[in-house]
Each structure stands twice: as C-alpha cells, then as structure tokens.
Ligand code: SF4
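Residue numbers (this note's numbering): 255 to 537.
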C-alpha cells in the first residue's frame, strides 16, 4: 500500500506545516492496528481507543479529519490568516492535549481558537485567553513560565494538562453537538490514560461535554445533570470505584476577562483549590 494516513490528508500547508515536539516523526505516523484508518472517516476518532499512551493518542488525533465543516474552517482560517500573523504557517490541524502526561489535574476548555491553537498547534497558545490562563498557571506553580507564545518556547507544565472536548477550531467558537459527539473519543481516551483526580472545566460548554463523555465511559452522572457555575464542585464515581472531582470556572475568553466577570484572583483560587484536592500542595 503506498500512501499512509498523512498522504490522504488535505494538501493545504503541505510539508511546510510545523512539526511539534511531540511529533518526532512528523506526519504519517501510525500506531499498530490503525494503519488503514482513514482520518476522514466519521469513525476515525474511535481509533483513540487503540492508543496505549498519551503520546500515541496525541499522534493519532493530529491526523483527524472526521468533521468536514471544521476541517474546512480550520484550513480556511490558515489561508486567510489574521494580518498580524500573515507570515506564519498555521498548524490548521487538531490540537492535542498539552502538558504533563501523568497529570493529577486536567483543565478542559472548549475548542482551539482560530488564530491561537489553530495557528500554533498548542492548546491555549498564542491568544489572549491563553495569556490569561498561563499567567495564572505560573502564579499557582503549574507552569514553568508565565507566557505561552509558540510550541517551541520551552514552556512546561507540571501536574496539570490542558485539553478540550473539541480539537478543531470551530466557526464563531461554536462547535455543533454532532461535532462534540464525534470528537468525544479523543477526550474519553485521554481521561482514561491520564486518569486525573480533578478536572477544572472552563465554561458551560466544556462542562456539558465532559459530563456527556464521562457518562459514555460508565461514570455515574446524576440526572438532572449537575449545573455549571463558577466555583461549582462535584465529585463523581466511575468504573472501578474511581472518583473524580469537577471544578467549574468561567471560561478564560476575553468576553469574561475583559469585563471582569473572571478576574485573575478568581482563576487562581480555582487552580489552588484543584491543587489542594489533588494533593499537590508542594508545587
Ligand atoms: S473536531 Fe475532533 S473529531 Fe472533528 S475533525 Fe477535529 S479532531 Fe476530528
């Protein structure tokens, strides 16, 4: 068989697209058992279940093209670009999770921003939301530096990992329910592999998406579903009597941070609470 997965991808950007640190082999990497999977197949996200490690999961997700609307948008944005980034080559692919693969805390957002993670290839990197979040992660001891500008900037996270229920930038920052469902296996497998104690959920969309994913994975999720709110705290029981505490936090979007709905102190307090619940007080 000639081409691999990478050969069947859309051609935009070609081999000029940046290779990220977690991609030593660049495009076309395969995990045993999924070499024939077509990234455009709506069932492709189910290959997440074959990933035995977080690194394998990250390598699989970046090839995904299962949502035609989102693939078209992420690539259109990469062609049109924002004037400030006109000389950059956009990532224009799904953004994998970023941070500690054995994190005790997972931070779940919404989806990559068109000119943020869709440009840089790293969650929350290169936009105002990320500026706000990483400054707080640095103040609370999780991030090695207060800024996150590009994938090779040396930033590391300790004890914490960033991810999202939808991995491709959606138009108007609004994924459709069917796209959230299709993308669910990536988050589901990440939850299994990382196995965190605490999930900080940024915003109501992430909260709803996470509860749906956990229910699909066999976690006991009450009906009616626990309501999202800033400071909401819910502990769920899952397969094997595992427990997981969800902490709600307003999203770090400019809509919230510019208006003062979410202040640095409010975000710091949620992260400190997560750190305490996860037993990472020594960070
Ligand atoms: S949103 Fe998720 S399922 Fe859809 S193309 Fe992107 S990675 Fe694949």
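Note that beta-carbon positions come from the ideal geometry of N, C-alpha and C, so glycine has one too.
Proximity test, residue i beta-carbon vs ligand 1 heavy atom, cut-off 7 Å
i	result
residue 441	no
residue 436	yes
residue 350	no
residue 421	yes
residue 431	no
residue 299	yes
residue 503	no
residue 324	yes
residue 524	no
residue 320	yes
residue 315	yes
Cβ distance (whole Å) where residue i is taken to contact residue j below 8 Å
i	j	result
residue 504	residue 364	No, residue 504 and residue 364 are not in contact; Cβ-Cβ is about 12 Å, not under 8 Å.
residue 451	residue 531	7 Å
residue 522	residue 382	Wrong, their Cβ atoms sit about 18 Å apart, outside the cutoff.
residue 415	residue 339	So it is not a contact: roughly 26 Å between Cβ atoms.
residue 444	residue 462	Not a contact, Cβ separation roughly 17 Å.
residue 439	residue 303	7 Å
Reduced DSSP category for residue i - H, G, I as helix; E, B as strand; rest coil
i	result
residue 304	helix
residue 415	strand
residue 437	helix
residue 442	helix
residue 525	helix
residue 497	strand
residue 506	coil
residue 448	helix
residue 276	Confidence at residue 276 is low in this model, with a pLDDT of 36, below 50, so the placement of that residue is unreliable and no value is reported for it.
residue 456	strand
residue 542	Since the displayed the chain opens at 255 and closes at 537, residue 542 lies outside it and no answer follows.
residue 429	coil
residue 405	coil
residue 421	coil
residue 296	coil
residue 410	coil
residue 371	helix
residue 534	coil
Rounded C-alpha distance that separates residue i from residue j
i	j	result
residue 341	residue 335	9 Å
residue 472	residue 490	11 Å
residue 486	residue 527	11 Å
residue 361	residue 307	19 Å
residue 454	residue 337	33 Å
residue 275	residue 510	The pLDDT assigned to residue 275 is 36, lower than 50, so where the model puts this residue is not dependable; a value taken from the coordinates is nonetheless given after this. Residue 275 and residue 510: Cα-Cα distance of roughly 32 Å.
residue 347	residue 448	22 Å
residue 478	residue 501	18 Å
residue 350	residue 405	12 Å
residue 538	residue 291	The question about residue 538 has no answer, for the chain in this structure spans 255 to 537.
residue 245	residue 368	Residue 245 is absent from the model: the chain starts at 255 and stops at 537.
residue 331	residue 423	9 Å
residue 535	residue 397	14 Å
residue 437	residue 529	28 Å
residue 386	residue 379	11 Å
residue 278	residue 299	Legend: pLDDT at residue 278 = 36, less than 50; position of this residue unreliable, no value from coordinates given.
residue 324	residue 433	8 Å
residue 312	residue 474	27 Å
Subject >> In chain order, each alpha helix (DSSP H) run of at least 4 residues that lies wholly inside the region 301 to 369 >> reply: 308 to 315, 322 to 334
Subject >> alpha helix (DSSP H) runs contained entirely in the region 376 to 403, provided each spans 4 or more residues >> reply: 382 to 393
**OP:** Return the chain-ordered ranges of every beta strand (DSSP E) run that is complete within the region 459 to 495 and spans a minimum of 3 residues.
**Re:** 487 to 491
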